[in-house]
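Enquirer: This is the structure I have questions about; it appears just below.
2 protein chains.
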Amino acid sequence: MKFYDFAHAPSPRRARMLIAEKGLEIETVEVDLGKKAQFEPAFRAINPACTIPVLELDDGTALTENNAIAVYLEEICPEPPMLGTTAKEKALVTNWNDRCTLEGYSAVAESFRNFSKFFADRSVTGPQPFAQIPELVERGRLRAEAFMATLNERLGETPYLAGDNFTYADITGFCLVEFAGRIKMTPGDDQANLKRWYSEIGARPSASL
Amino acid sequence: MKFYDFAHAPSPRRARMLIAEKGLEIETVEVDLGKKAQFEPAFRAINPACTIPVLELDDGTALTENNAIAVYLEEICPEPPMLGTTAKEKALVTNWNDRCTLEGYSAVAESFRNFSKFFADRSVTGPQPFAQIPELVERGRLRAEAFMATLNERLGETPYLAGDNFTYADITGFCLVEFAGRIKMTPGDDQANLKRWYSEIGARPSASL
């Protein structure tokens, strides 16, 4: 297998942390998004959508979505379980993982990619050019703030997002909160639950990679 | 369990089709989005994010994300398998399911919700009001067109999105293509693979519900 990664991007960080939590060693190829290497023919041949992470299987199959990579790694390396063990826990891992991406990550990305000069004409990931839309900077921020409050509330009910156990949903949530730092959004002083959880996940060895 | 549904919305249709494919009978509660019932206190108490579908478990846990509902139903009713059977197939179901939602569904929704008068000040799902942004009507359309081409290409390689078997990824893709009809986008005459697959899934009994 080969893992296509980039150290400074929030999305492949999810896969990188998961690989570390599983104790796996996978050949890693750095795709330098800073130099727009994802648009070069060599990488387009692997993933025409020009996104990372990608996990390329030995038969050449390219898994281009974080959740697909997580499902595959859980299958080939079930310990420690990161996608839940009971029906309810598995469902809650997926529920919170999806909320973190659909409500949280998409909101931060919306704000960041429509603001940063680096993403001029690339406000959406992928090979198609899309102009930045200034209104989305504020809309994304408001959506992200609302979701941070949701996370803080949830983490007042349970120690981890899916319940009593650290799971992949926490990795996704942690990478999201870290990513929000790029739009200068950090857990507020009134968000003690979020702060406690964010510090705890950030202290894991997998977060230092 | 209780399943919160609305017959005219594209998102709960995914869960409804899955329930039918599994042969399950689950008590169903219609939430009339046409009358904005999702914002009423009774429903907010079940899902503060004001979205459907929701699968409420017997202990009161609310699964608010389609993929979480799918994971739960696959666990409690493994036959017929809808999320794949081998590690690779499971990963490919997730990969295509996620591409259909992240690249496809979000694009159609972006175009539709920023255009339709019904969604004035509700261009994003959930309880927060967000004004429509006219540029997103066209941006969403362009993104959706690109993804339809991706689907057509994929379906020239394999009979179903994840490979040889009909899976949940096909349900998600089918509901997406149907949803695209609301922005007057239908598979083109040059998209024979997409048309073949769309007709086939549409002829399944689960699609008539």
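Line order of the protein sequences matches chains A and B.
Letter by letter, the first sequence follows residues 88 to 296 of the numbering used here.
Letter by letter, the second sequence follows residues 88 to 296 of the numbering used here.
Glycine included, every Cβ here is placed at the ideal spot set by N, Cα and C.
Could you check if S295(B) is buried or exposed, using at least 16 other CB atoms within 10 Å of its CB as the buried criterion?
Expert: Exposed, because fewer than 16 other Cβ atoms sit within 10 Å of the Cβ of S295(B).
Enquirer: How should E114(B) be labelled, buried or exposed, when 16 other C-beta atoms within 10 angstroms of its C-beta is the threshold for buried?
Expert: Burial call: exposed.
Enquirer: Straight-line CA distance for L144(A) to A178(B)?
Expert: Their Cα atoms are separated by approximately 11 Å.
Enquirer: From what residue to what residue does the alpha helix (DSSP H) around Y159(A) run?
Expert: First-last of the alpha helix (DSSP H) with Y159(A): 153 to 163.
Enquirer: V211(B) by DSSP, collapsed to three states: which one?
Expert: DSSP places V211(B) in coil when its eight states are reduced to three.
Enquirer: Would you mind telling me which residues of chain A sit closer than 7 Å to D185(B), beta carbon to beta carbon, in chain order?
Expert: Here the neighbours are E152, N154, A155.
Enquirer: Give me the chain B residues within the contact set of A96(A), using Cβ-Cβ distance strictly less than 8 Å, ordered along the chain.
Expert: None at all; the shortest Cβ gap to chain B is about 16 Å.
Enquirer: Helix, strand or coil, according to DSSP, for A96(A) in the structure here?
Expert: It is coil, neither helix nor strand.
Enquirer: Tell me, please, whether the CB atom of V264(A) is closer than 8 Å to any CB atom in chain B?
Expert: Chain B, which has no Cβ nearer than 8 Å to the Cβ of V264(A), makes this no.
Enquirer: Rounded to whole angstroms, what's the CA-CA distance from G171(A) to W183(A)? Just pull it up for me.
Expert: Cα-Cα distance, rounded: 12 Å.
Enquirer: Along the alpha helix (DSSP H) that carries V118(A), what are the first and last residues, could you check?
Expert: V118(A) -> no alpha helix (DSSP H), and no H or E assigned at all.
Enquirer: Could you tell me which residues DSSP pairs with E108(B) in its beta bridges?
Expert: Paired residues: none, contrary to the question.
Enquirer: What would DSSP say about F266(A), mapped onto helix, strand or coil?
Expert: Note: F266(A) maps to helix in three-state DSSP.
Enquirer: For chain A, check one thing: does any of its Cβ atoms lie closer than 8 Å to the Cβ of A174(B)?
Expert: So, interface residue.
Enquirer: Counting contacts by CB-CB distance shorter than 8 Å, is K109(B) in contact with chain A?
Expert: Judged by the 8 Å Cβ criterion, K109(B) is not in contact with chain A.
Enquirer: Are the C-beta of V211(B) and some C-beta of chain A separated by less than 8 Å?
Expert: V211(B) counts as touching chain A.
Enquirer: Would you say R230(B) lies against chain A (beta-carbon separation less than 8 Å)?
Expert: Interface residue, yes.
Enquirer: Below 8 Å on the Cβ atoms is my contact criterion, and I expect L281(B) with L242(B) to pass it. Report the Cβ-Cβ distance as a whole number of Å.
Expert: Right, the Cβ-Cβ distance comes to about 6 Å (below 8 Å), so this counts as a contact.
Enquirer: Mind listing, in chain order, the continuous alpha helix (DSSP H) runs of no fewer than 4 residues lying wholly within the region 209 to 252 of chain B?
Expert: Runs of the alpha helix (DSSP H) inside the region 209 to 252 of chain B: 222 to 244.
Enquirer: Helix, strand or coil for E166(A), going by three-state DSSP, please let me know.
Expert: Reduced to three states, the DSSP call for E166(A) is coil.
Enquirer: When the Cα atoms are used, what is the spatial distance from Q215(A) to A267(B)?
Expert: Taking the straight line joining both Cα atoms gives about 19 Å.
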